[in-house]
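Chemist: Pasting in a structure now, in structure tokens, and then I'll have a few things to ask.
6 protein chains.
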Amino acid sequence: MSDRVEKFRKEREALNKAILDRDNINIKRFFGIDSAVYREGALDTKTKELLGLAASTVLRCDDCITYHVIRCAEERVADGEFDDTMAVALVVGGSITIPHLRRAYRLWSELHSDE
Amino acid sequence: MSDRVEKFRKEREALNKAILDRDNINIKRFFGIDSAVYREGALDTKTKELLGLAASTVLRCDDCITYHVIRCAEERVADGEFDDTMAVALVVGGSITIPHLRRAYRLWSELHSDE
Amino acid sequence: MSDRVEKFRKEREALNKAILDRDNINIKRFFGIDSAVYREGALDTKTKELLGLAASTVLRCDDCITYHVIRCAEERVADGEFDDTMAVALVVGGSITIPHLRRAYRLWSELHSDE
Amino acid sequence: MSDRVEKFRKEREALNKAILDRDNINIKRFFGIDSAVYREGALDTKTKELLGLAASTVLRCDDCITYHVIRCAEERVADGEFDDTMAVALVVGGSITIPHLRRAYRLWSELHSDE
Amino acid sequence: MSDRVEKFRKEREALNKAILDRDNINIKRFFGIDSAVYREGALDTKTKELLGLAASTVLRCDDCITYHVIRCAEERVADGEFDDTMAVALVVGGSITIPHLRRAYRLWSELHSDE
Amino acid sequence: MSDRVEKFRKEREALNKAILDRDNINIKRFFGIDSAVYREGALDTKTKELLGLAASTVLRCDDCITYHVIRCAEERVADGEFDDTMAVALVVGGSITIPHLRRAYRLWSELHSDE
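In structure tokens form, the structure reads like this:
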């Protein structure tokens, strides 16, 4: 896995821990739901990650996109499925999402470069 | 089908026609992609509609949500799949999406009331 | 209290109930936090409602604004405090928030018209 | 002029007056800039209204779009200029703006129906 | 004070000066209101900064959040008050705000690390 | 031209190429419209770039703003026209756009520093 991904993960975990250490009950419960909502239910985990990716892309949050691109790779999303999801997000969200697509595709390539 | 859905469809079609009658080539081409992107590809139509629904919900567009809720019903999305999609959108987009969830669920109920 | 407020409340409660009857655990937990977060803590309820009002105004959600305007009136927010909150939201969010300010002020007036 | 436009204008003026009667100095000054910024400067009024229309469309505010569509008609914006502005807004903002385009075009037609 | 904060301040001031040197009257007046709106009025400065922080967080603007976090520290906002404000913003704005919360909390820690 | 601009251009082109190499027909067609929409039509290219700049500023996308600022400089937009466009965007979009204005003005200065 690329160094950039490893760095992203470590920083994300360290900062999440710092927030949760504050012991604010509502923030803690929110983080709990945020994990739970992507677990397999009526929809499988892969589909839920695609939903998270599309939502993050139209809302144009790079860190959120990075997280879901990594998770999509882990869930063995196929190239065509990734493209289809990006295409829906691009059409719904418009050209303003293109800079985020560029970074999402760069990461997607990095994650598959050693296969 | 409920009268409200039929009225929504008719108004939507009439107004789309009015836009396309203007013969602006870029707007026409955009509408073409907007249809194409939800057609079966690497992902099936149902999954694409769920993506469209999640994206519309976090962007908080009632007309777009209405359209995708109707399409989800046509694609035989199960109740649990609908709930899972709404739950992801709610967590990603926050409580600001709740008024839209209310209207999405009301429509979902109407669409299934005569089954 | 104005009829419009009473109607808003009833519709809101009925639709919330319809969502919660679906028994999706993540949506239910989200609604739980959404109530908890405005309860008195280090900040009092009035200040939290002003935060909710400012956040709803810059995100331009009429139903959310309506809810927090009603709650602000219940918490005995003074006219000047309401104005100060609206002014911050207007400057942060820009003229695009003005239509929402118009409706927020109309409701604020209605809520105080029989005092 | 259509009744709908006249009604929009009257309600807008009445509600603006209600806000300004509150005598909050910051809100008053904001409303002052909001008028000033569309007056002729290095750019003429027509171009500024097109900027306001494009910005309002990508931010998806119906009342703001209505206002700028009316102003564009008053400034004798040509059909093709209106279409070009809408096309840029549609591509930048994505399909989520389409419901607003529908209403913008309906109003544009109404405003030119008796010519 | 941390170096990062000092660097942020200097860059912000230099760039603001560059904008104001352009002598555009409307931009200048806007900057004037933007300062005025956070000054003590019916609400005290601390509450206004919390409003600015909540609004900036749900709108997901890192520079704006940085500014208000620094101002909150200057106004002696307590840890619990900061947490409560972040919790409201998180619930209203959803998980898409979490990357901003991470950076807000990191800065908040830095600002209190030498106390 | 500044090195920063040259670097932005190269990275943008390389990443766009990487996206288009994927051969997703809908994404390709979207990129086609995204170019076409800024070409001279009823409105000239300069006005269209100002529309793109205003839309990108209120939507707060730095990469999009950078692109349109460069294009505006190429189209010989005058300083006053640039200021007028920024002023409209600032008033419509609010103080949350100010960090983007800062960076837009810094780039605008760089692009004109060797004239």
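Protein chains in written order, with the working numbering: chain D, 3 to 117; chain S, 3 to 117; chain W, 3 to 117; chain E, 3 to 117; chain G, 3 to 117; chain F, 3 to 117. Beta carbons: idealized from backbone N, C-alpha and C, even for Gly.
Tell me the rounded alpha-carbon separation between I67/E and L22/D.
Modeler: Along the fourth sequence, read from residue 1 onward, the residue named residue 67/E stands at position 65. Along the first sequence, read from residue 1 onward, the residue named residue 22/D stands at position 20. Taking the straight line from one Cα to the other gives about 43 Å.
Chemist: Between L17/G and K19/D, what straight-line distance do the alpha-carbon atoms span, to the nearest angstrom?
Modeler: One-based indexing of the fifth sequence puts residue 17/G at position 15. One-based indexing of the first sequence puts residue 19/D at position 17. Computed Cα separation, rounded: 34 Å.
Chemist: Report buried or exposed for E8/S, applying the criterion of at least 16 other Cβ atoms within 10 angstroms of its Cβ.
Modeler: By one-based count along the second sequence, residue 8/S stands at place 6. With fewer than 16 Cβ atoms within 10 Å of its Cβ, E8/S is classed as exposed.
Chemist: If you draw a straight line from the C-alpha of G95/W to the C-alpha of H114/G, how long is it?
Modeler: The count along the third sequence starts at 1 and reaches residue 95/W at position 93. The count along the fifth sequence starts at 1 and reaches residue 114/G at position 112. Straight-line Cα distance between these residues: approximately 30 Å.
Chemist: As a quick exercise: from V90/D, T99/D, V79/D, pick the residue whose alpha carbon is nearest that of E42/S.
Modeler: One-based indexing of the second sequence puts residue 42/S at position 40. Nearest C-alpha to E42/S: V90/D.
Chemist: List, in order along the chain, the chain W residues whose C-beta lies closer than 9 Å to that of S115/F?
Modeler: Against the sixth sequence, residue 115/F aligns to sequence position 113. Residues of chain W passing the Cβ test: none, with the nearest at roughly 30 Å.
Chemist: Along chain W, which residues have their Cβ under 8 Å away from the Cβ of K50/G?
Modeler: To locate residue 50/G, count along the fifth sequence from 1; it is residue 48. By Cβ distance, chain W contributes D86, V90.
Chemist: Which whole-angstrom value is the C-beta distance of L53/G and A56/W, which I expect to be below 8 Å?
Modeler: Here residue 53/G refers to the residue found at position 51 when the fifth sequence is read from its first residue. Here residue 56/W refers to the residue found at position 54 when the third sequence is read from its first residue. Contact holds; Cβ gap of about 5 Å.
Chemist: Could you list the residues in the stretch 59-81 of chain E with a C-beta less than 8 Å from some C-beta on chain S, going in chain order?
Modeler: From the stretch 59-81 of chain E, only R62, D81 have a Cβ closer than 8 Å to chain S.
Chemist: What residue from Y107/F, V79/F, C63/F, T87/F has the CA that sits closest to Y40/E's CA?
Modeler: Within the fourth sequence, the letter at position 38 stands for residue 40/E. Measuring from the Cα of Y40/E, the nearest candidate turns out to be T87/F.
Chemist: Is the CB of D36/S under 7 Å away from at least one CB in chain E?
Modeler: Numbered from its first residue, the second sequence carries residue 36/S at position 34. Chain E, which has a Cβ nearer than 7 Å to the Cβ of D36/S, makes this yes.
Chemist: Taking the Cβ atom as the reference point for each residue, do I98/S and C63/W lie within a distance shorter than 7 Å?
Modeler: To locate residue 98/S, count along the second sequence from 1; it is residue 96. To locate residue 63/W, count along the third sequence from 1; it is residue 61. Their beta carbons are under 7 Å apart, which means I98/S touches C63/W by this criterion.
Chemist: Should I98/W be flagged as near chain F, meaning a C-beta pair shorter than 7 Å?
Modeler: By one-based count along the third sequence, residue 98/W stands at place 96. Interface residue, yes.
Chemist: Taking only beta-carbon positions, decide if L53/W is within less than 7 Å of chain S.
Modeler: To locate residue 53/W, count along the third sequence from 1; it is residue 51. Chain S, which has no Cβ nearer than 7 Å to the Cβ of L53/W, makes this no.
Chemist: Got a sec: which bits of the stretch 22-46 of chain F sit with their beta carbon under 8 Å from any beta carbon on chain S, in order along the chain?
Modeler: Those would be I27, N28, R31, F32, G34, I35, A38, V39, in chain order.
Chemist: Quick check on the DSSP output: the alpha helix (DSSP H) that includes S111/W runs from which residue to which?
Modeler: Here residue 111/W refers to the residue found at position 109 of the third sequence. 100-114 is the span of the alpha helix (DSSP H), which, as asked, contains S111/W.
Chemist: Rounded to the nearest angstrom, what separates G34/E and H102/W at their Cα positions?
Modeler: Residue numbering aside, residue 34/E sits at position 32 when the fourth sequence is read from its first letter. Residue numbering aside, residue 102/W sits at position 100 when the third sequence is read from its first letter. Cα-Cα distance, rounded: 18 Å.
Chemist: In angstroms with no decimal places, state the Cα-to-Cα distance between D81/S and W110/S.
Modeler: What you label residue 81/S is simply residue 79 of the second sequence in a count that begins at 1. What you label residue 110/S is simply residue 108 of the second sequence in a count that begins at 1. Between D81/S and W110/S, the C-alpha separation is close to 9 Å.
Chemist: So within the stretch 24-112 of chain G, which uninterrupted alpha helix (DSSP H) runs reach at least 4 residues, ignoring any that extend past its ends?
Modeler: Taking only runs of at least 4 residues, the alpha helix (DSSP H) segments lying wholly in the stretch 24-112 of chain G are 27-38, 47-60, 64-76, 81-95.
Chemist: Count the other CB atoms within 10 Å of the CB of D25/S; is the residue buried (16 or more) or exposed (fewer)?
Modeler: The residue you call residue 25/S lines up with position 23 of the second sequence. By the 10 Å Cβ count, D25/S comes out exposed.
Chemist: Given S58/W, which residues of its chain have a CB within under 7 Å of its CB, disregarding the five upstream and five downstream residues?
Modeler: Residue 58/W sits at position 56 when you count from the first residue of the third sequence. Cβ neighbours of S58/W beyond the five flanking positions: C66, I67, H70.
Chemist: Alpha carbon to alpha carbon, how far is I100/E from L92/E?
Modeler: Within the fourth sequence, numbered from 1, the residue matching residue 100/E stands at position 98. Within the fourth sequence, numbered from 1, the residue matching residue 92/E stands at position 90. If you take the alpha carbons of I100/E and L92/E, they lie about 7 Å apart.
Chemist: If you count every other CB in all the chains shown that lies within 10 Å of the CB of E51/W, and 16 or more means buried, which is it?
Modeler: Residue 51/W sits at position 49 when you count from the first residue of the third sequence. E51/W is buried by the Cβ-count criterion.
Chemist: Answer with buried or exposed for I72/D, where buried requires no fewer than 16 other C-beta atoms within 10 angstroms of its C-beta.
Modeler: The residue given as residue 72/D occupies position 70 in the first sequence. Label assigned to I72/D: buried.
Chemist: Is there a C-beta anywhere in chain W that falls below 7 Å from the one on R104/S?
Modeler: The sequence position of residue 104/S within the second sequence is 102, counting from 1. Cβ-Cβ to chain W under 7 Å: yes for R104/S.
Chemist: Given this structure, state the Cα-to-Cα distance separating F32/W from F84/S, to the nearest angstrom.
Modeler: As a working mapping, residue 32/W is identified with position 30 in the third sequence. As a working mapping, residue 84/S is identified with position 82 in the second sequence. Going by the C-alpha atoms only, they are around 17 Å apart.
Chemist: In chain G, what lies closer than 8 Å to A20/D by C-beta?
Modeler: On the first sequence, position 18 is the one that residue 20/D refers to. Near A20/D (Cβ distances below 8 Å), the residues of chain G are R104, Y107, R108, S111.
Chemist: Considering only residues of the same chain and omitting the five flanking positions on each side of Y107/S, which have a CB-CB separation below 7 Å?
Modeler: Start at 1 with the first residue of the second sequence, and residue 107/S comes out as number 105. Result list for Y107/S: empty, nothing under 7 Å.
Chemist: What number of angstroms, rounded off, separates the C-alpha of I29/E from the C-alpha of D36/G?
Modeler: What you label residue 29/E is simply residue 27 of the fourth sequence in a count that begins at 1. What you label residue 36/G is simply residue 34 of the fifth sequence in a count that begins at 1. When rounded, the distance between both Cα atoms is 11 Å.
Chemist: Closer than 9 Å by beta-carbon distance: list the chain D residues that pair up with E83/S, in chain order.
Modeler: Mapped onto the second sequence, residue 83/S falls at position 81. The contacting residues are G43, A44, L45, T49.
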